[in-house]
Every structure is written in C-alpha cells, then in structure tokens.
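Residue numbers (our numbering): 204 to 272.
Everything below concerns the one structure shown next.
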C-alpha cells in the first residue's frame, strides 16, 4: 500500500521531549492522515493513520495499553 509523500512535510515534536531529544517521536498531518516517526531516524519508516485510528493510538499510549519498552 502506498501512502502520501511525507518527504516535504513539516514535522512537529512535543515541547516535553526535552533538550537531549532522546526517545522522541515526531508527528505531521498530510491530506487526510496523520503520521508518526522516530526523531532519531527521520528518513526511516513512519506509521500513517486515518484520523480515527490516530486518536485511538494516542489514547492507547496515554492509558498505558501499549508496551512501549
């Protein structure tokens, strides 16, 4: 499956990510999707979500439903 091009989008990082930038993710919105990537590997793969799936993903992270180790 081919998604939207993410090469020329503006990525954002949380203001809570800290000065050392360790363990950070970046997000962007393109067309009708949201994408998440590892800030340490900006040319690497990204997770791409439709809006409802992105909301569910963020909720799962916030409530500890995902193993983030």
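Even glycine gets a Cβ: it sits at the ideal position worked out from N, Cα and C.
| query | result |
| --- | --- |
| As assigned by DSSP and simplified to three states, the class of residue 212 | coil |
| Residue of 236, 228, 245, 226 minimising C-alpha distance to residue 258 | 236 |
| Residue(s) in a DSSP beta bridge with residue 271 | Per DSSP, none; premise fails for residue 271. |
| Burial state of residue 249, where buried means 16 or more other Cβ atoms lie within 10 Å | buried |
| Cβ shell of residue 228 (< 6 Å), same chain only, five flanking positions each side left out | 239 |
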